[in-house]
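Chemist: Mind looking over this structure? Questions follow.
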Amino acid sequence: MESVSKEGEDVVVKGEVPARCAVGYYHVEIRMKGGKLVSSSCECGSDLCPHAVKLFLRYRGRMSS
Numbered sequence: 001m002e003s004v005s006k007e008g009e010d011v012v013v014k015g016e017v018p019a020r021c022a023v024g025y026y027h028v029e030i031r032m033k034g035g036k037l038v039s040s041s042c043e044c045g046s047d048l049c050p051h052a053v054k055l056f057l058r059y060r061g062r063m064s065s
């Protein structure tokens, strides 16, 4: 499930990305400005992690179709 909101010039996308192990899903929030990924936060604890990139690519794919 994804939620998309706009805060000023930033687009904020919140969603879940599958984890490799049996943990299930990581909750990820990304911020975009001008179609570019600016920042992210993820339950894995890393900044701009692979989970954030997956959510970004999934969002971009849905917007282009």
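Numbering follows UniProt numbering, in which position 51 of the sequence shown is assigned residue number 51; successive positions increment by one, without gaps. From the three backbone atoms N, C-alpha and C, an ideal C-beta is built for every residue, glycine too. All values reported here derive from a predicted model rather than from experimental measurement.
1) Quick check on this structure: which residue in C44, K6, A52, S3 has the alpha carbon closest to the alpha carbon of C21?
2) What residues are listed by DSSP as bridge partners for E7?
3) Just verifying my parser: in three-state terms, what is the DSSP assignment at G61?
4) Take E7 as the anchor and find which of S64, M32, S65, V23 has the nearest alpha-carbon.
5) Beta strand (DSSP E) containing E29: first to last residue?
Modeler: On the basis of the coordinates in this document:
1) Considering only alpha carbons, the answer is C44.
2) Answer is D10.
3) Shown here, G61 sits in a helix according to DSSP, grouped into three states.
4) When each option's Cα is compared against that of E7, the closest is M32.
5) It spans 25-33 - the beta strand (DSSP E) in which E29 sits, taken as one unbroken run.
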